[in-house]
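Counting along the sequence shown from 1, when you hit position 66 you're at 66 in the UniProt record's numbering, and nothing is skipped either side. No residue lacks a Cβ here, since even glycine has one placed at the ideal position from N, Cα and C. Predicted, not measured: the structure shown is a model, and the values here were computed from it.
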Amino acid sequence: MTGYLPIGFEFASELTFPIAEGTASGLLNASAQVFGIVLTLCVGLILQYGSVFVSNLTLTGFLAVGTFLTG
1 MTGYLPIGFE FASELTFPIA EGTASGLLNA SAQVFGIVLT LCVGLILQYG SVFVSNLTLT
61 GFLAVGTFLT G
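This is the structure:
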């Protein structure tokens, strides 16, 4: 995962060229943090009212989607 970060930031700065690199990087970091918080809260609710197996399937599903989108 760490190896993808510089490539992702560089790609984002190329896609948003007239905008400063710091702005693109900040938006990428902010969106990653928001998604992480939402995913953590949702999996916490699944653990509270569901089962560990379902929460693991949820996380595995999101990892598979991320792998498919970046692969």
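Asked	Found
Can you give the beta carbon distance from Ser-55 to Val-43, rounded, assuming they're within the 8 Å contact cut?	5 Å
Just how far apart, CA to CA, sit Glu-14 and Tyr-49?	44 Å
In chain order, what residues of the same chain lie with their CB nearer than 7 Å to the CB of Thr-58, ignoring the 5 residues before and after it?	Val-43, Ile-46
Which stretch, first to last residue, makes up the alpha helix (DSSP H) that contains Pro-6?	4 to 15
Beta carbon of Ala-24, beta carbon of Ala-32: below 7 Å?	no
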